[in-house]
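Heads up: the protein sequence lines correspond to chains D and W, in order.
For the first sequence, position 351 matches number 350 in numbering that gives the first Met the number 0, and the numbering has no gaps at all.
For the second sequence, position 181 matches number 180 in numbering that gives the first Met the number 0, and the numbering has no gaps at all.
Ideal Cβ positions, reconstructed from N, Cα and C, are used throughout, including at glycine.
Please read these numbers as outputs of a predicted model, since none were measured by experiment.
Presented below is the structure to which this report refers.
Number of protein chains: 2
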Amino acid sequence: MSSINKRITIKEVAKEAKVSPSTVGRAIGGYGYVSGQTRRKILKTAKKLNYHPNLLASNFRRQKTHTIGLIIPDITNPFFTTVARGVEDQARKKQFKVFVCSTDEDPDIEKEYIDDLIQRRVEGFVIAPSTGGGKHLFNLQSDKIKFVVVDREVKNLKADTVHSDNVDGAYRLTNYLIKLGHRRIGIINGAMQTSVAIQRFTGYKKALLESNVPIVDALVKGNDWRMEGSYKHTMELLTSKFPPTAIFAANNILGVGVLRALREMGLKVPTDMSVVCFDDVPVASLMYPFLTVVAQSPYTMGKLAAQILLERISGQGPAERQDIVLKPNFIIRESCRPPRNSGEIHILSGMEDK
Amino acid sequence: MSSINKRITIKEVAKEAKVSPSTVGRAIGGYGYVSGQTRRKILKTAKKLNYHPNLLASNFRRQKTHTIGLIIPDITNPFFTTVARGVEDQARKKQFKVFVCSTDEDPDIEKEYIDDLIQRRVEGFVIAPSTGGGKHLFNLQSDKIKFVVVDREVKNLKADTVHSDNVDGAYRLTNYLIKLGHRRIGIINGAMQTSVAIQRFTGYKKALLESNVPIVDALVKGNDWRMEGSYKHTMELLTSKFPPTAIFAANNILGVGVLRALREMGLKVPTDMSVVCFDDVPVASLMYPFLTVVAQSPYTMGKLAAQILLERISGQGPAERQDIVLKPNFIIRESCRPPRNSGEIHILSGMEDK
DNA sequence: ATAATATATAGTAACGTTATCAGCTCTGTT
DNA sequence: AACAGAGCTGATAACGTTACTATATATTAT
Chain D
0 MSSINKRITI KEVAKEAKVS PSTVGRAIGG YGYVSGQTRR KILKTAKKLN
50 YHPNLLASNF RRQKTHTIGL IIPDITNPFF TTVARGVEDQ ARKKQFKVFV
100 CSTDEDPDIE KEYIDDLIQR RVEGFVIAPS TGGGKHLFNL QSDKIKFVVV
150 DREVKNLKAD TVHSDNVDGA YRLTNYLIKL GHRRIGIING AMQTSVAIQR
200 FTGYKKALLE SNVPIVDALV KGNDWRMEGS YKHTMELLTS KFPPTAIFAA
250 NNILGVGVLR ALREMGLKVP TDMSVVCFDD VPVASLMYPF LTVVAQSPYT
300 MGKLAAQILL ERISGQGPAE RQDIVLKPNF IIRESCRPPR NSGEIHILSG
350 MEDK
Chain W
0 MSSINKRITI KEVAKEAKVS PSTVGRAIGG YGYVSGQTRR KILKTAKKLN
50 YHPNLLASNF RRQKTHTIGL IIPDITNPFF TTVARGVEDQ ARKKQFKVFV
100 CSTDEDPDIE KEYIDDLIQR RVEGFVIAPS TGGGKHLFNL QSDKIKFVVV
150 DREVKNLKAD TVHSDNVDGA YRLTNYLIKL GHRRIGIING AMQTSVAIQR
200 FTGYKKALLE SNVPIVDALV KGNDWRMEGS YKHTMELLTS KFPPTAIFAA
250 NNILGVGVLR ALREMGLKVP TDMSVVCFDD VPVASLMYPF LTVVAQSPYT
300 MGKLAAQILL ERISGQGPAE RQDIVLKPNF IIRESCRPPR NSGEIHILSG
350 MEDK
């Protein structure tokens, strides 16, 4: 029935409705003066001719696209897709479209995507910087391109940000393990070039220092956010001379790697090893062994970031930069117990069905 | 340093390099004749002035966008994000960008997104139709808009498709359970408006019929692809008069719902219940109870779909429509055992660490 | 040597929309 | 009755690029 290929333009509609093209433009675009009568007539004939506005032309003329870019490091990580959902929902409210780009943690791809989207004249970005990325963000800033940073911070970059209180979250998880009696707590961290990793490590150290538990280098592992590394590092911990009695995984993906390694070594959680994790693992949390975590609010993060960005775009935002810090949510489940040979009593009554 | 806001155009570059705007266009766009010398000069001054081509203008002029749309029902489902990765990787190879839109299984949102992307003049779509959607695909076709359907088929729609052999996969899973001795096999299916659900049900029935196992209505559940429904239906199965000894979940999300219900009822897999699942559950598969599944190849699906679409766009594809069927990969893990009180011997030596 | 062709550049006209301006009609106010 | 102003419509000129045409020069074929 309908056909975009006929390429009906405003002119054809104008001729058919016996008005000028500019009037059609006003009627359909909803700007300027049009009488109710002619508007109705125009909309009717537009429908009849199956007119579809050419946004390519419109965007070009106005040099606006009503589009923002979302740059995330990994589209298969549910954390980031949930951020994406938050961004999209908020954008949809304001009639904005979102270009989602996954950089695979590669700064080059990140730059490539950002450049391309600039050429396509997106009106702003929500960016979760990739590991080692972030340098071009300074250029963005000098180019007066609007953007909001989510999840990870970039050193010395003065920009609007939305992120979790990583120090506090890591502190609470570690402290929880200490209070259970653990003294040898391994940490499987992500890439130390990311603020997130640094901050979570800070929280980890803070808890240990506070309780006078020594920080042992051999228990500190990690250099990227991939599961493979996490698996490898956990294996190293497990096969070392003095393996830990508990492991802190610095995000959901790393947490899965830890669990895989434990499983392969035939170690059970929490009987043989206590495990805590930063981030909730959506699917895993529904199954054994039911991780104790601090859960972030990725949806809220995305939503707030988009909100701030869209305010900036429409010129409503405050002059000073905004830095929104969300407290993560501490959820105690059944993945921890006091260490095997500790003198401590069993504080938890976990699931003991193994 | 650089500044997009100066809005350097081809004209400025031309003036600076003392050539005509059209020559600059050819040098930068890489079409038509330009001598090596002037090209170098132009590229140099373009860089000096920090010229960024305005794709808005270029796309408009050529009525091409080098962009395709990807429509998926649920961006938080790892199956679809992996499809997305496949599509993106393939598109990147051909210098195409991908607009990823998640419809939340809502046909109205689906139509809205498709219409918007048409107005933005994407050059084609890869579509995993939402439940109950697909009607507007017929319009797309009469509008001569190119698209490839992935994962789910649309009845009577003659279009290029890429999907799994759902009948066969379901058949193999069900048959496996039967051979283990199960006679009461529950199925938690998705929305029966989707081809996928119908085909998996067909495979299920085929296996039962072939072995003369009666098809019991009370064991057949499901009407959408959400976890909540799956959880509820599993609960119904478990609390019914004659509960099944095994459950077949028709996709990964439903599988998680099944496991959650089992967990809450205190039933262990595979001791108390055997479970098989269509789709691999990426995170869950690394943990207990280690599901037996038929795994699809979402990445390949996305890649092939994009490949076919891009061929169509560049006019290379064959005249006849292509229908690519991928065989799912049967992976036996430890989530199944013979039923408790069956006379069968234990065929499997699963993980018996419970 | 001359014609034919390839190479290189410039000039011009679109692509379809919207911003701006000009003109006209209709209110309502002085 | 004159006039200000709002309401409505139409003509025109962009937005920045690329397709096309025209012209000039270099290269090759005859």
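Handout entry: CB contact flag (residue 256 of chain W, residue 230 of chain W, <8 Å)
Key = Contact annotation: residue 256 of chain W and residue 230 of chain W have beta-carbon atoms nearer than 8 Å.
Practice task
Determine whether the Cβ of residue 89 of chain D lies closer than 8 Å to any Cβ atom of chain W.
Solution key: no
Exercise for the section: Would you check if there are 3 or more beta carbon pairs closer than 8 Å linking the segment 109-125 of chain W to the segment 185-196 of chain W? Expected result: no
Practice task
Report the residues of the segment 196-218 of chain W with a CB closer than 7 Å to any CB of chain D, ordered along the chain.
Solution key: none
Problem - residue 276 of chain W versus W:65, W:334 and W:77, residue with shortest Cα-Cα distance - result: Of the candidates W:65, W:334 and W:77, the one whose C-alpha sits nearest the C-alpha of residue 276 of chain W is W:334.
Exercise for the section: With hydrogens ignored, establish whether the beta-carbon of residue 65 of chain D is closer than 7 Å to any heavy atom of the ligand FMN. Expected result: Among the components modelled here there is no ligand, and therefore nothing to report on the ligand FMN.
Exercise for the section: Return helix, strand or coil for residue 101 of chain W, following the three-state DSSP convention. Expected result: strand
Problem - Reduced DSSP secondary structure (H/G/I, E/B, other) of residue 54 of chain D - result: helix
Problem - chain D contacts made by the segment 154-184 of chain W, where a contact means CB separation under 7 Å - result: none
Handout entry: Cβ neighbours of residue 245 of chain W in the same chain (closer than 8 Å, five flanking residues each side left out)
Key = Residues 176, 179, 181, 183, 184, 185, 272, 273, 274, 275, 335 and 338 of the same chain have their beta carbon placed closer than 8 Å to that of residue 245 of chain W, with the five preceding and five following residues left out of the count.
Practice task
Please confirm whether residue 311 of chain D and residue 123 of chain D have their CB atoms less than 8 Å apart.
Solution key: yes
Handout entry: 8 Å Cβ cut-off: residues of chain D touching residue 56 of chain W
Key = 59
Practice task
Express the C-alpha separation of residue 316 of chain W and residue 405 of chain D in angstroms, rounding to a whole number.
Solution key: No answer is possible for residue 405 of chain D: the residues shown for chain D start at 0 and end at 353.
Practice task
Quick one: residues in its chain with C-beta nearer than 7 Å to the C-beta of residue 94 of chain D, no 5 flanking neighbours on either side, listed in chain order?
Solution key: 65
Practice task
May I have the straight-line CA-CA distance separating residue 202 of chain D from residue 174 of chain D, to the nearest angstrom?
Solution key: Roughly 9 Å separates the two Cα atoms.
Handout entry: Where the alpha helix (DSSP H) through residue 201 of chain D begins and ends
Key = Run containing residue 201 of chain D: 194-209, per the alpha helix (DSSP H) assignment.
Practice task
Could you please give the first and the last residue of the uninterrupted beta strand (DSSP E) stretch that includes residue 67 of chain D?
Solution key: Its beta strand (DSSP E) spans residues 66-71.
Exercise for the section: Would you identify the three-state DSSP class for residue 130 of chain D, choosing helix, strand or coil? Expected result: coil
Handout entry: Distance, residue 254 of chain D Cα to residue 92 of chain D Cα
Key = 35 Å
Exercise for the section: In the DSSP assignment, find the alpha helix (DSSP H) that holds residue 35 of chain D and state where it starts and stops. Expected result: 35-47
Practice task
Check each candidate in W:209, W:45, W:264 and W:221 and name the one with the smallest Cα separation from residue 170 of chain W.
Solution key: W:209
Problem - residue 307 of chain W classed as buried or exposed, judged by whether at least 16 other C-beta atoms fall within 10 angstroms - result: buried
Problem - CB of residue 140 of chain W within 8 Å of CB of residue 51 of chain D, strictly - result: no
Practice task
Measure the alpha-carbon distance for residue 154 of chain W versus residue 199 of chain W and round it to whole angstroms.
Solution key: Going from the Cα of residue 154 of chain W to the Cα of residue 199 of chain W covers about 15 Å.
Problem - Pairwise C-alpha distance: residue 59 of chain W and residue 19 of chain W - result: Distance between the alpha carbons of residue 19 of chain W and residue 59 of chain W is about 21 Å.
Problem - Under 8 Å between C-beta atoms of residue 405 of chain D and residue 291 of chain D - result: Residue 405 of chain D falls outside the range modelled here, since chain D spans only 0 to 353, and no answer is possible.
Practice task
Output yes if chain W places a C-beta closer than 8 Å to the C-beta of residue 9 of chain D; else output no.
Solution key: no
Problem - Proximal chain W residues relative to residue 77 of chain D, where beta-carbon distance stays under 9 Å - result: 75, 77, 80 and 282
Handout entry: Alpha carbon of residue 324 of chain D to alpha carbon of residue 150 of chain D, nearest angstrom
Key = Residue 324 of chain D and residue 150 of chain D: Cα-Cα distance of roughly 10 Å.
Exercise for the section: Can you grab the Cα-Cα spacing for the pair residue 79 of chain W / residue 206 of chain D, in whole Å? Expected result: 40 Å
Exercise for the section: With 8 Å as the limit, tell me which residues of the segment 92-106 of chain D have their beta carbon closer than that to any beta carbon of chain W; keep them in chain order. Expected result: 96, 98, 99 and 101
Handout entry: Nonlocal neighbours in the same chain, by C-beta distance under 6 Å from residue 89 of chain W, ignoring five residues either side
Key = 302, 305 and 306
Exercise for the section: Taking residue 24 of chain W as the reference, give the member of W:74, W:53 and W:47 with the closest Cα. Expected result: With distances taken between Cα atoms, residue 24 of chain W lies closest to W:53.
Handout entry: CB contact check: residue 84 of chain D to chain W, cutoff 8 Å
Key = yes
Exercise for the section: Starting from residue 120 of chain D, find everything on chain W with Cβ-Cβ shorter than 8 Å and list it in chain order. Expected result: 53, 54 and 55
Problem - Counted within 10 angstroms of its Cβ, other Cβ atoms place residue 57 of chain W as buried (16 or more) or exposed - result: Per the 10 Å Cβ criterion, buried.
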